[in-house]
Amino acid sequence: MNKVKIFPSKLRGTVQVPSSKSMGHREIICAGLACGTSIIDNISMSKDIEATMRCLRAINVAVDEVPSIFAGRKALQISGTGHPLAAADSVDCGESGSTLRFFLPLGANLNCPMTFIGHGKLVSRPLKAYYDIFDEQFIQYFNDNGNLPVTVNGRLQPGIFKLPGDVSSQFVSGLLFVLPLLHGDSVIEITSPLESSAYVDMTISCLAKFGIKVENENGAHRRYLVSGRQRYQAQDSCVEGDWSQTAFWTVGGSLGEKITCAGVDFNSLQGDKSVLKIMQRMGAAISQNENSVTVSGGMTKATVIDAANCPDIIPVLAVLSAVSEGTTKIINAGRLRIKECDRLAAMTSELTKMGADVTEEAEGLTIVGKPEGLRGGVEVDAWNDHRIAMSLAIAAQKCAQPVILTGADSVAKSYPEFWEDYKSLGGCVEEIL
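All you need for the working numbering is the position in the sequence shown, starting with 1, plus 105.
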């Protein structure tokens with residue numbers, strides 16, 4: 106379903122939110138690095154999770170689907186040896202930045218060549234932070250003028266690892282997975298303020314669940330102390346709900362009639378949980394129960410949205426801002442330019458086509474809201490980016506005329522059931538063949 110026509114309709118109803126893709130990656134990696142068998146349940150299968158499964162198999166981990174106790178979800182039986190070994194000489198990371206950045210340090214610790222390939226924007230996403238470390242440690246690597254494919258060959262040595270904090274927290278998490286396996290202690294030093302620190306907290310929490318201790322010195326996210334010679338412990342686990350995907354439906358409820366999102370965890374460490382606080386500042390009607398949140402339609406107002414620790418929810422918050430009263434400023438959002446697409450440029454371009462007033466800045470967006478709604482009646486493009494596609498679908502319900510969306514199938518990267526859930530909530534979507 107590459108091209109669809111979306112007719113204006115107010116969304117309403119209840120949706121079971123997908124499990125967290127971010128935590129899914131982390132839990133199945135930790136299980137794969139353990140000696141023994143783990144069952145990781147409540148997995149919402151996506152292309153990104155499939156990429157991580159391929160990488161686990163490439164380091165001699167057995168990964169098999171088994172029945173889930175949750176309707177419509179998957180469970181994985183994961184059996185590792187505790188000592189990653191190369192079972193293949195290359196692996197396809199798809200378009201998953203998390204997969205590539207989490208596994209590249211593991212590949213650099215196999216002491217034999219491992220080639221990582223990818224597709225789409227992943228081919229050119231930054232990896233210099235790792236290359237600098239490889240240079241310091243005399244680990245061989247070969248790439249295509251800085252792009253994928255990249256081949257690594259070596260054995261990481263414990264020591265001090267310096268990383269910038271303003272490119273991606275994924276580099277920190279990638280090192281945190283492998284450093285406990287080394288023969289000595291290590292320190293990760295962050296050389297600039299760490300953005301998206303919540304993702305590192307999620308990694309440390311997941312490591313602890315599987316028996317690995319990491320100290321965030323003084324809780325400052327500047328130095329991480331990692332003891333070597335640790336061993337991952339096999340553990341059965343269920344993946345929590347995904348706040349980044351929940352955000353599409355909380356905004357959808359605010360622009361529509363009323364949507365209840367079931368299966369959320371209010372104790373989650375996910376930074377994207379901040380969508381609720383941001384929407385509350387904007388005046389959205391939000392109520393919470395033990396494991397669900399309900400958002401009702403109504404007027405919202407402008408605010409300042411700091412993207413530093415929640416970059417993935419910015420596209421859909423841009424949609425909410427486009428139909429809120431007043432002028433919203435989205436700041437500290439420069440990293441959105443190096444995601445699956447340049448998300449600042451994409452949202453400026455496509456929302457403007459729909460009739461919104463969006464100005465692109467170097468590090469963010471300025472959005473003058475139109476509470477009366479958007480014009481629609483145009484063809485927009487997802488830029489091969491799942492979050493752009495889903496955000497534009499949410500925006501379509503506030504358009505006066507139907508919207509044609511090209512690239513609708515990009516949602517498979519993280520949320521293959523999105524269009525089914527959209528229709529279940531009253532969304533009117535027609536495939537264009």
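Glycine included, every Cβ here is placed at the ideal spot set by N, Cα and C.
- The count of Cβ pairs closer than 8 angstroms, one atom from the segment 123-139 and one from the segment 212-222, stays below three, leaving the stretches out of contact.
- If the five residues before and after R327 are omitted, its C-beta is found closer than 6 angstroms to the C-beta atoms of I295, all from its own chain and listed in chain order.
- If you compare the alpha carbons of L538, E522, C533 and E536 with that of V122, the shortest gap goes to E522.
- Rounded to the nearest whole angstrom, the C-alpha separation of S143 and M452 is 41 angstroms.
- Shortest Cα-Cα distance from Y329 to any of I238, D249, Y246 and K318 involves K318.
- Going by DSSP, R480 is part of the beta strand (DSSP E) stretching over L479 to G481.
- Within the same chain, and ignoring the five residues on either side of T119 in sequence, the residues whose Cβ sits closer than 7 angstroms to its Cβ are T365 and A367.
- In this structure D417 is in contact with D377, their Cβ atoms being roughly 6 angstroms apart against a cut-off of 8 angstroms.
- According to the DSSP assignment, T408 belongs to no beta strand (DSSP E), since it is labelled neither H nor E.
- L299 carries a coil assignment under DSSP once its states are collapsed to helix, strand and coil.
- I472 places its beta carbon less than 8 angstroms from that of S426.
- Counting only runs of 3+ residues, the beta strand (DSSP E) found wholly inside the segment 137-191 occupies 140-148, 167-171 and 179-186, in chain order.
- Counting along the chain, V421 sits inside the alpha helix (DSSP H) bounded by residues I419 to A427.
- In the displayed model, R117 falls within a strand according to three-state DSSP.
- Membership of E466 in any beta strand (DSSP E) is not indicated, and neither H nor E is assigned to it by DSSP.
- Using a Cβ distance threshold of 8 angstroms, S173 and D146 count as a contacting pair.
- As the crow flies, the alpha-carbon of A352 is around 7 angstroms from that of V421.
- Using a Cβ distance threshold of 8 angstroms, M387 and T408 count as a contacting pair.
- Within the same chain, and ignoring the five residues on either side of Y246 in sequence, the residues whose Cβ sits closer than 7 angstroms to its Cβ are Y236, F239, V255, T256 and V257.
- Non-local beta-carbon contacts of S195 in its own chain, meaning distances under 6 angstroms to residues more than five positions away in sequence, involve T220 in chain order.
- Beta bridge pairing from DSSP links L268 with I295.
- For K434, the uninterrupted beta strand (DSSP E) segment begins and ends at T432 to I436.
- In the structure shown, the three-state DSSP call for I222 is strand.
- When C-alpha distances from C446 are compared across A167, G202 and G141, the shortest belongs to G202.
- Around the C-beta of Q385, fewer than 16 other C-beta atoms lie within 10 Å, and the residue is accordingly described as exposed.
- Contact check for Q502 against L360 passes: the beta carbons are separated by less than 8 angstroms.
- K318 sits in coil when the DSSP states are folded into three classes, being neither helix nor strand.
- Judged by DSSP in its simplified three-state form, P254 adopts strand.
- Checking the DSSP bridge columns, you'll see Q338 partnered with C140.
- Under the three-state reduction of DSSP, R448 is assigned to helix.
- For the pair A412 and G474, the CB atoms are not nearer than the 8 angstroms cut-off.
- Residue state for A413 is assigned as coil, using DSSP reduced to three classes.
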